[in-house]
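Q: Once you've had a glance at the structure underneath, I'll fire off some questions.
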Amino acid sequence: MADSQETAFSDHSGPISLDGEDDTTPAPENGRLFSSATVGSDFPHVRPRPLYVDSGLRSIQELPEAYRSMFKDYPCFNRVQSMVMDDVLYSAEPLVVTAPTGSGKTVLFELAIIQLLMSYEKASINNDFKIVYMAPVKALCSEKLHDWARKFSRLNINCIEVTGDSDVADLNHLNRHHIVLTTPEKWDSLTRRWRDHSALMKTVRLFLIDEVHILNEESRGPTLEAVVSRMKMLQQQQRSDNHSLPTLRFIAVSATIPNVEDLAQWLGTHEKPAKYFRMEESMRPVQLKKVVKGYDSNFGGFMFDVHLSYKLKQVISQYSDGKPTLVFCSTRKSVLATAQVLSKMITFSFTDSQKEALARICSQIVDNKIRELAKVGIGCHHAGLTMTDRNLLETAFRDSLIPVLMATSTLAMGVNLPAHLVVIKSTQYYGNGGYQDYSDSQLLQMIGRAGRPQFDTSAVAVIMTKSSCEQKYVRLTAGTEPIQSSLHRHLVEYLNAEVVLGTVRDIPGAVDWMRSTFLFVRANRHPKQYGLSDLCAGSAVKINAKLQVLRPGQV
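For the sequence shown, the UniProt record's numbering gives the first residue as 1, with consecutive numbering after it.
In structure tokens form, the structure reads like this:
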């Protein structure tokens with residue numbers, strides 16, 4: 001049997017069905033469909049309409065002068081940003097965008113912030129509004145804080161990071177800031193004390209959800225779902241007391257998924273779902289070829305990781321095209337060990353000027369082992385190195401003095417490095433006393449480092465995994481896995497939390513809370529999948545009836 005099998009693709013291959021139920025969106029009607037993008041707002045009975053575009057990209061000059069400097073590095077928005085611009089910048093309606101990694105979704109958040117600021121232009125900017133940016137991990141929040149503090153400070157807009165590293169006392173400073181960057185877990189903790197911060201909650205006008213596809217993760221998805229639903233309930237209660245209170249706007253972005261209309265239904269208003277855009281792989285500014293290589297092995301964990309080290313040279317030779325390669329390893333030890341194996345199997349050619357430049361950088365590297373590897377063109381990057389060594393290695397890699405950089409997965413968050421080829425060496429990492437799979441969002445973040453728009457025109461991402469896991473990662477990278485809810489597995493915990501908070505006071509209140517969840521949307525669409533096999537698909541009335549039989553003793 002061959003040691004490895006390979007699945008490669010570069011286009012979205014269509015949604016799959018679960019339990020015999022179809023999540024496929026109907027194909028568009030006859031006409032010219034712009035780059036396979038679909039936009040829709042009517043769910044679920046009306047087919048999304050194809051978006052027809054006759055003009056090219058939107059110019060930065062379209063923005064008011066005060067905001068143009070935020071985008072001074074490029075003259076126009078890319079295709080994804082240009083298509084969504086009208087709905088994010090000139091509308092206050094909720095919006096969901098699903099697009100490939102590396103397609104510039106962060107700019108959509110910035111345009112939404114600008115839209116809110118423009119709505120305040122007639123009055124002086126003060127502290128009577130808050131913007132919440134929520135990302136799955138602290139590293140993403142820190143990355144955005146660094147970027148946005150620089151961009152928005154000139155507009156007198158202050159940013160603050162409230163994550164696991166933030167002290168409770170820091171919350172007292174929130175009133176002096178406009179943009180709060182946080183994680184689902186930290187926002188859950190904060191909003192569980194919302195009565196202590198009720199004035200703060202009333203000022204939240206814009207809620208930005210990055211990587212909303214983590215709803216699929218059983219460990220973290222329920223928390224994200226619960227806090228977003230809590231914000232919807234708090235808004236509903238506050239607006240019932242004060243009808244003049246502005247509507248809370250949700251903007252969510254995710255990797256490519258087939259059921260974006262479900263997210264639109266969840267994040268919409270009582271009157272209608274959110275507007276949504278579904279962007280296919282062809283919309284990516286840098287076209288990305290994704291390859292999943294499954295390897296046969298009798299080993300697991302550490303030994304399988306070692307086994308893959310000896311397969312790496314072949315992958316780099318086949319896919320790098322002589323361009324920068326970024327290899328993600330599961331641990332610091334694996335970074336060094338993999339680099340040492342590769343250094344004995346591969347050699348790189350340098351010009352005289354490159355040799356001189358690399359020698360100057362290497363002479364400044366403190367770590368002896370890292371320095372010797374860098375001399376032959378292989379870099380090692382992890383949190384155990386000094387900041388100086390990390391910066392030197394990043395500079396050498398950006399300048400193409402180091403063709404291959406080994407790094408831990410944490411580099412996928414917060415450091416923008418030019419990589420034509422990204423290799424994920426093993427889909428498992430060591431943590432909590434054993435080997436476990438990377439989450440979907442971690443893998444997508446790593447893949448997203450391939451071919452950043454300012455550096456490349458094409459890119460390749462290779463996932464090295466066990467043969468038994470190959471199809472799992474094919475589905476993930478193809479965007480054919482619908483986002484599901486895991487809230488039903490933690491329903492008692494989160495419903496009890498809402499009772500304690502006072503957002504749920506009785507059975508009708510519990511029903512209202514359930515209707516505010518993503519679980520309700522998915523259960524209404526696929527009841528059998530959520531243990532509601534006695535109900536007819538699409539019967540919201542019957543699902544409500546099922547929820548009404550709850551007794552206070554069960555809560």
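Each residue gets a CB set at the ideal place from its N, CA and C atoms; glycine is no exception.
#1: DSSP state of Leu495, grouped into three classes?
#2: Could you tell me how far apart the beta carbons of Leu263 and Val96 are, in whole angstroms, since I believe they sit closer than 8 Å?
#3: If you reduce the DSSP assignment to three classes, tell me which class Val376 lands in.
#4: Within the chosen definition, does the segment 372 to 383 reach the segment 330 to 347 through at least 3 CB pairs nearer than 8 Å?
#5: CB-CB under 6 Å to Val460, same chain, minus the five flanking residues each way: which ones, in chain order?
#6: Roughly how many whole angstroms lie between the Cα atoms of His173 and Pro403?
#7: Within this structure, are the beta carbons of Ile346 and Leu392 separated by less than 8 Å?
#8: By DSSP, does Gln484 sit in helix, in strand, or in coil?
#9: Rounded to whole angstroms, what is the Cα-Cα separation between Lys144 and Leu181?
#10: By Cβ distance, which residues of its chain are closer than 7 Å to Phe299, with the 5 residues on each side in sequence left out?
#11: Do the segment 270 to 290 and the segment 431 to 441 meet, that is, are 3 or more Cβ pairs less than 8 Å apart?
#12: Does the beta-carbon distance from Ile209 to Ala252 come in below 8 Å?
#13: Would a C-beta distance cut-off of 8 Å place Thr338 and Ser309 closer than the cut-off?
#14: Judging by CA-CA distance, which residue of Tyr120, Arg278, Ala135 is the nearest neighbour of Ile157?
#15: With DSSP run on the structure shown, which of helix, strand or coil describes Val364?
#16: Under 8 Å by Cβ, that's how I've got Thr477 and Val292 pegged, so tell me the actual separation to the nearest angstrom.
#17: The beta strand (DSSP E) that contains Ser282, what's its start and end?
#18: Hey, out of Ala396, Val107, Asp86, Thr395, whose CA is closest to Lys275's CA?
#19: In or out: Ser55 buried (at least 16 other Cβ within 10 Å) or exposed?
#20: Provide the residue span of the alpha helix (DSSP H) that contains Phe152, from first to last.
#21: Less than 8 Å between C-beta atoms, sequence neighbours within five positions excluded: which residues of the same chain meet that for Thr410?
#22: Is DSSP giving Leu532 helix, strand or coil here?
#23: May I have the straight-line CA-CA distance separating Gln529 from Gln340, to the nearest angstrom?
#24: One question on the structure: do Phe207 and Phe250 come within less than 8 Å of each other, judged by their Cβ atoms?
#25: For residue 566, which residues in the same chain have their Cβ closer than 6 Å to its Cβ, ignoring the five residues on either side in sequence?
#26: Please report how far the alpha carbon of Leu401 lies from the alpha carbon of Ser69, in whole angstroms.
#27: According to the neighbour-count rule (16 or more other Cβ atoms, all chains shown, within 10 Å of its Cβ), is Gly104 buried or exposed?
#28: Need the endpoints of the alpha helix (DSSP H) that Gln428 sits in, please.
A: In short:
#1: As a working note, residue 495 is residue 495 in the sequence shown. If DSSP states are grouped into helix, strand and coil, Leu495 belongs with the helices.
#2: Numbered from 1 along the sequence shown, position 263 holds the residue referred to as residue 263. Numbered from 1 along the sequence shown, position 96 holds the residue referred to as residue 96. Taking C-beta atoms under 8 Å as the contact rule, Leu263 and Val96 qualify, at a distance of about 5 Å.
#3: Counted from its first residue, the sequence shown places residue 376 at position 376. If DSSP states are grouped into helix, strand and coil, Val376 belongs with coil.
#4: yes
#5: One-based indexing of the sequence shown puts residue 460 at position 460. Contacts found: Lys289, Tyr319, Leu421.
#6: The residue you call residue 173 lines up with position 173 of the sequence shown. The residue you call residue 403 lines up with position 403 of the sequence shown. Spanning the two alpha carbons is a distance of roughly 45 Å.
#7: Taking the sequence shown and counting its residues from 1, one reaches residue 346 at position 346. Taking the sequence shown and counting its residues from 1, one reaches residue 392 at position 392. No, Cβ-Cβ distance for Ile346 and Leu392 is not below 8 Å.
#8: Taking the sequence shown and counting its residues from 1, one reaches residue 484 at position 484. Note: Gln484 maps to coil in three-state DSSP.
#9: Reading the sequence shown from its first residue, position 144 is the one you call residue 144. Reading the sequence shown from its first residue, position 181 is the one you call residue 181. Spanning the two alpha carbons is a distance of roughly 8 Å.
#10: On the sequence shown, position 299 is the one that residue 299 refers to. Cβ within range, chain order: His307.
#11: no
#12: In the sequence shown, counting from the first residue as 1, residue 209 sits at position 209. In the sequence shown, counting from the first residue as 1, residue 252 sits at position 252. Cβ atoms of Ile209 and Ala252: closer than 8 Å.
#13: Walking along the sequence shown from the start, residue 338 turns up at place 338. Walking along the sequence shown from the start, residue 309 turns up at place 309. Their beta carbons are under 8 Å apart, which means Thr338 touches Ser309 by this criterion.
#14: As a working note, residue 157 is residue 157 in the sequence shown. The shortest Cα separation from Ile157 among Tyr120, Arg278, Ala135 belongs to Tyr120.
#15: Translated into positions along the sequence shown, residue 364 becomes position 364. The sequence shown places Gln at residue 364, rather than the Val named in the question. The answer is coil: DSSP assigns Gln364 none of H, G, I, E or B.
#16: Along the sequence shown, one-based indexing puts residue 477 at 477. Along the sequence shown, one-based indexing puts residue 292 at 292. At roughly 7 Å, the Cβ-Cβ gap stays under 8 Å, so Thr477 and Val292 are in contact.
#17: In the sequence shown, counting from the first residue as 1, residue 282 sits at position 282. No beta strand (DSSP E) holds Ser282; DSSP gives it neither H nor E.
#18: Here residue 275 refers to the residue found at position 275 of the sequence shown. Closest option to Lys275, Cα to Cα, is Asp86.
#19: To locate residue 55, count along the sequence shown from 1; it is residue 55. Caution is warranted here: a pLDDT of 49 is assigned to Ser55, below 50, making its placement in the model unreliable, and no coordinate value can be reported.
#20: Taking the first residue of the sequence shown as position 1, residue 152 is located at position 152. Run containing Phe152: 138 to 152, per the alpha helix (DSSP H) assignment.
#21: One-based indexing of the sequence shown puts residue 410 at position 410. Around Thr410: Ala139, His382, Ala383.
#22: Position 532 of the sequence shown, counted from the start, is the residue given in the question as residue 532. Reduced to three states, the DSSP call for Leu532 is coil.
#23: Walking along the sequence shown from the start, residue 529 turns up at place 529. Walking along the sequence shown from the start, residue 340 turns up at place 340. Between Gln529 and Gln340, the C-alpha separation is close to 48 Å.
#24: Sequence index remark: in the sequence shown, residue 207 carries index 207 (1-based). Sequence index remark: in the sequence shown, residue 250 carries index 250 (1-based). Contact: yes.
#25: Here the chain comprises residues numbered 1 to 555, so residue 566 is not present and cannot be evaluated.
#26: Your numbering for residue 401 matches position 401 in the sequence shown. Your numbering for residue 69 matches position 69 in the sequence shown. Spanning the two alpha carbons is a distance of roughly 32 Å.
#27: Here residue 104 is taken as the residue at index 104 of the sequence shown, counted from 1. Counting Cβ neighbours within 10 Å, Gly104 comes out buried, since at least 16 surround it.
#28: Indexing the sequence shown from 1 puts residue 428 at position 428. For Gln428, no alpha helix (DSSP H) encloses it; the enclosing beta strand (DSSP E) starts and ends at 428 to 431.
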